[in-house]
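The block underneath contains the structure these notes are about, expressed in structure tokens.
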Amino acid sequence: MKTLRRRTVMAGAASALALPALPRSGVARQGGWAQVRDAASRYRQLHAILVAHRGETVVAEAFRGSGLDAVANVKSVSKSIVALLLGAAIDRGVIQSVDSRLGDVAPQLIPADADPRVRDLTMRDLVTLRAGLERTSGPNYGEWIASDNWVADALSRPFVAAPGGRMLYSTGSFHVLGAALAEAAGRDLLTLTREWLGRPLDIQVPAWTRDPQGYYMGGNQMALTPRALLKLGELVRQGGQWQGDQVLPEDWIAASLTPVTRSPYSGLGYGYGWFVTQTRRGRLALARGYGGQIVAVAPDVGISVAITSDPTQPARSGGYFGDLMALITDDVLAVG
């Protein structure tokens, strides 16, 4: 077995977040954070983990993979990022409200032969995965991305539930949302991500997959460093604030972390692009991507967690994802 190259930032060392250090009372937790690192090291699928507690980076470890400063495919964590961009668009008046209809925001996206109900889909329906259209994820994913027009394909699918009804996990819904944001703003999704999140947080956002019409994929395939993911977690934990600036509206973050539906697979609640649940230490919000890519935020105890994992292996609720949830709730939150 090869010896793993490990990169560690201990509590009390220079914080990657460049935020004020904790009072000396926080140093007593060093042993606990070491136990978190040891627990994380046991999962062969896990590449990197970072934990911030009340603004200080207390764990920063890359067991395998490319390290803490190289980009990783964050898979469906992209959905949670697009949801944050929707909040930024509403705050800037690019889109009037979360209840704005697709037919008003970006009518040019709607195929001529689409069901008339497609025009009335709201931004809320899309960002909460309650559009009601047949899913493009799971067994339908390959067929969808093989189509010559991803937006039209997603919007031409039959309704299998009422709009605003039950949750239907579908990358197509977020791809439509991302395209609508681009059309409303007159700039592509990459530019919006860089301007509205990348610039204020001082993170690099490389280009990612585009569809045949040139729309950047909404809901999958973004690539960010683990350190950038931790900054996004801290932004959410602080109610949209970053280093004294209100980057995103506080009420949008609050709504994002308020469940409006529930995943039929994990049982977790779902708000505006974020999974949400209650733990013994309070609220926990999750951005979750295939393979075990995670941004976790526990605002009641001041903790943010970023995890990257092998993107080629599944992470199901009863398997590796369940292990990661236990790591967060039983180990990380117990120390915090």
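Residue numbers (mature numbering (1 follows the signal peptide of the UniProt record, and there is no 0)): -18 to -1, 1 to 318. Positions of the beta carbon are idealized from the N, C-alpha and C atoms, including for glycine. As the structure is a prediction and not an experimental result, all values here were calculated from the model.
With 16 other Cβ atoms within 10 Å as the buried cut-off, status of residue i
| i | result |
| --- | --- |
| Tyr247 | exposed |
| Ser79 | exposed |
| Gln121 | Inspection of the sequence shows that residue 121 is occupied by Pro rather than by Gln. Per the 10 Å Cβ criterion, exposed. |
| Val142 | exposed |
| Arg6 | Residue confidence is low: Arg6 scores 26 on pLDDT, short of 50, so the model does not pin down where it sits. No coordinate-derived value is stated. |
| Thr294 | exposed |
Endpoints, beta strand (DSSP E) assigned at residue i
| i | result |
| --- | --- |
| Leu206 | Met204 to Leu206 |
From the options, residue whose alpha carbon lies closest to that of residue i
| i | options | result |
| --- | --- | --- |
| Val242 | Gly253, Val283, Gln295 and Glu116 | Gly253 |
| Gly146 | Thr259, Gly226, Arg112 and Leu174 | Arg112 |
| Ala54 | Gly274, Arg101, Gln223 and Leu239 | Gly274 |
| Ala94 | Tyr123, Asp135, Ser119 and Lys57 | Asp135 |
| Gln203 | Asp130, Gly271 and Asp81 | Gly271 |
| Asp73 | Leu266, Leu172, Trp178 and Ser299 | Trp178 |
Rounded C-alpha distance that separates residue i from residue j
| i | j | result |
| --- | --- | --- |
| Gly37 | Leu163 | 31 Å |
| Gly75 | Val229 | 15 Å |
| Gln220 | Gly264 | 15 Å |
| Ala144 | Ser23 | 44 Å |
| Ile310 | Leu32 | 11 Å |
| Trp234 | Ser286 | 18 Å |
| Arg46 | Ser82 | 44 Å |
| Ala44 | Val100 | 45 Å |
| Tyr19 | Val41 | Sequence check: residue 19 is Arg here, not Tyr. Their backbone Cα atoms lie some 7 Å apart in a straight line. |
| Asp305 | Ser62 | 21 Å |
Range covered by the alpha helix (DSSP H) that runs through residue i
| i | result |
| --- | --- |
| Val229 | Premise fails: Val229 is in no alpha helix (DSSP H) and is neither H nor E. |
| Ala143 | From DSSP, Ala143 is part of no alpha helix (DSSP H); its letter is neither H nor E. |
| Glu125 | Tyr123 to Ile127 |
| Tyr302 | Tyr302 to Ala308 |
| Asp130 | Asp130 -> no alpha helix (DSSP H), and no H or E assigned at all. |
| Glu165 | Thr153 to Ala167 |
| Asp86 | Leu84 to Val87 |
| Val109 | Met105 to Val109 |
Please list the segments of the alpha helix (DSSP H) lying wholly inside the region 237 to 296, counting only runs of 4 or more residues, in order along the chain. none
Runs of beta strand (DSSP E) lying entirely within the region 12 to 72, each at least 3 residues, in chain order: 28 to 35, 38 to 44 and 54 to 57
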